[in-house]
Amino acid sequence: MIKLFYSPGTCALAPHIVLEWIDEPYDLQKVKPSDPEYLKLNPLGQVPTIIDGESGVMNQADAVLKYLARKYPEAKLGDDGTLQDGYDIDRWLAFLTGDMHPAFFPFFVPERYSTDTSDRAKQSIKGASYKLIDRVYQYLDRHLEGKDYVVGNRRTIADAYAFAMIRWGNSLPNGLASYLNLERFYRHWREDEGVKRAMEQQQIH
Ligand SMILES: N[C@@H](CCC(=O)N[C@@H](CS)C(=O)NCC(=O)O)C(=O)O
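The working numbering applies: residue 154 is where the sequence shown begins, and numbers increase by one.
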């Protein structure tokens with residue numbers, strides 16, 4: 154049985170949602186990414202990690218999401234087998250994990266971005282993060298005009314990851330107010346039964 158190691162509200166929400174969508178039994182373990190025991194599974198001290206039988210320990214969210222989609226093709230959460238669709242899934246996952254997620258680092262952990270430990274330095278770094286986030290949020294907001302899905306006209310692993318990233322926007326000073334399509338996407342997927350179950354299990358709102 155697949156076991157997912159997660160911390161509440163992190164990007165590990167994406168594989169958690171996907172496991173709910175797949176609808177096969179799985180195990181969950183809440184962890185603190187810096188816990189020495191957990192570092193044995195993921196030396197970078199990051200969630201998510203999954204363990205699956207002979208495949209063993211796996212991490213990096215995009216690789217984990219694709220693994221899950223490939224392992225359970227009947228759930229139809231990966232690409233549709235065409236070159237174009239495969240490219241679309243890959244490019245949106247690359248954007249979400251490689252551009253959007255890192256834009257939030259200086260917002261959540263500004264202290265990692267300066268040797269100056271003053272509050273002023275932290276506020277300045279946070280201020281800079283708003284611009285980074287705005288750039289990627291605007292890009293996704295335009296893409297989602299009139300759409301409930303990131304790729305094609307069906308639910309995919311990219312929607313689960315996009316949901317986890319858009320949810321973080323609720324912590325911004327103005328929330329999602331400037332991003333009408335992101336807000337609509339968030340409200341749409343917040344009502345999804347799999348998303349609701351994953352969020353209940355993580356005890357997040
Ligand atoms: N490239 C990694 C990034 C994972 C990542 O940064 N996860 C965050 C939570 S969203 C984390 O575990 N942070 C803990 C830390 O950086 O100390 C992936 O896609 O899995």
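All C-beta atoms, glycine included, are put in the ideal place defined by N, C-alpha and C.
inquiry  = Please return the same chain residues whose Cβ sits closer than 7 Å to the Cβ of Trp245, not counting the five positions on each side in sequence.
reply    = Here residue 245 refers to the residue found at position 92 of the sequence shown. These residues qualify, in order along the chain: Val303, Val304 and Ala311.
key: Those residues which DSSP pairs with Gly422 across a bridge   = In the structure displayed, the chain extends from 154 to 358; residue 422 sits before or after that span and is not available.
request  = Have a look at Pro255, Phe260, Thr309 and Phe257 and flag the residue whose alpha-carbon is nearest the alpha-carbon of Arg223.
outcome  = For the purposes of this step, residue 223 is taken as residue 70 along the sequence shown, with counting starting at 1. Ranking the options by Cα distance to Arg223, first place goes to Thr309.
message = Can you determine whether any heavy atom of ligand 1 sits closer than 7 Å to the C-beta of Pro168, and answer yes or no?
response = Within the sequence shown, the letter at position 15 stands for residue 168. No; taking the cut-off as 7 Å, the Cβ of Pro168 has no heavy atom of ligand 1 nearer than that.
ask   = Does the Cβ of Ala214 lie closer than 7 Å to at least one heavy atom of ligand 1?
value = Looking up residue 214 in the sequence shown gives position 61. Result yes, Cβ under 7 Å from ligand 1.
ask   = Taking Cβ positions, are Leu335 and Ile357 nearer each other than 8 Å?
value = Within the sequence shown, residue 335 is the residue found at index 182, counting from 1. Within the sequence shown, residue 357 is the residue found at index 204, counting from 1. No, the Cβ-Cβ distance between Leu335 and Ile357 is not below 8 Å.
message = Report the start-end ranges of each alpha helix (DSSP H) in the stretch 269-352 that is 4 residues or longer and not cut off at the edges.
response = 272-296, 310-321 and 333-343
request  = Write down every uninterrupted run of the beta strand (DSSP E) in the stretch 206-253 whose length is 3 residues or greater and which is fully enclosed by it, in chain order.
outcome  = 209-212
query = What did DSSP end up calling Ile357 once you bin it into helix, strand or coil?
reply = In the sequence shown, counting from the first residue as 1, residue 357 sits at position 204. Ile357: coil per DSSP, three-state reduction.
query = Can you give the beta carbon distance from Val171 to Leu230, rounded, assuming they're within the 8 Å contact cut?
reply = Position 18 of the sequence shown holds residue 171. Position 77 of the sequence shown holds residue 230. Contact flag correct, Cβ pair sits at about 6 Å.
Whole-Å CB distance - Ala214 paired with Pro168, under 8 Å assumed = Your numbering for residue 214 matches position 61 in the sequence shown. Your numbering for residue 168 matches position 15 in the sequence shown. About 7 Å separates the two Cβ atoms, so the contact holds.
message = With a threshold of 6 Å on Cβ separation, who are the neighbours of Ala330 within its own chain once the five nearest residues in sequence on each side are excluded?
response = Numbered from its first residue, the sequence shown carries residue 330 at position 177. Correct list: empty, nothing qualifies.
query = Expressed to the nearest angstrom, what Euclidean distance is found between the alpha-carbon atoms of Gly280 and Pro259?
reply = In the sequence shown, counting from the first residue as 1, residue 280 sits at position 127. In the sequence shown, counting from the first residue as 1, residue 259 sits at position 106. One C-alpha to the other measures close to 9 Å.
ask   = Is the beta carbon of Gly322 sitting closer than 8 Å to the one on Tyr290?
value = On the sequence shown, position 169 is the one that residue 322 refers to. On the sequence shown, position 137 is the one that residue 290 refers to. Contact flag set, yes.
Gln276: CB within 7 Å of a non-hydrogen atom of ligand 1 = Taking the sequence shown and counting its residues from 1, the one referred to as residue 276 is at position 123. No, the beta carbon of Gln276 sits no closer than 7 Å to any heavy atom of ligand 1.
task = Classify Leu157 as helix, strand or coil using the three-state DSSP reduction.
result = Residue 157 sits at position 4 when you count from the first residue of the sequence shown. Strand at Leu157.
ask   = Which residues bound the beta strand (DSSP E) around Leu181?
value = Position 28 of the sequence shown, counted from the start, is the residue given in the question as residue 181. Tyr179 to Lys183 is the span of the beta strand (DSSP E), which, as asked, contains Leu181.
ask   = Is the beta carbon of Tyr179 sitting closer than 8 Å to the one on Ile155?
value = By one-based count along the sequence shown, residue 179 stands at place 26. By one-based count along the sequence shown, residue 155 stands at place 2. Result yes, Cβ atoms of Tyr179 and Ile155 sit closer than 8 Å.
ask   = Taking 7 Å as the cut-off, is the CB of Val303 close to at least one heavy atom of ligand 1?
value = Taking the first residue of the sequence shown as 1, we reach residue 303 at position 150. No.
request  = Take Gln182 and list the residues in its own chain whose beta-carbon comes closer than 8 Å to its own, dropping the five residues that flank it on each side.
outcome  = Along the sequence shown, one-based indexing puts residue 182 at 29. If we look at Gln182 and ignore the five residues flanking it on each side, its Cβ neighbours are Lys156, Leu157, Phe158 and Tyr159.
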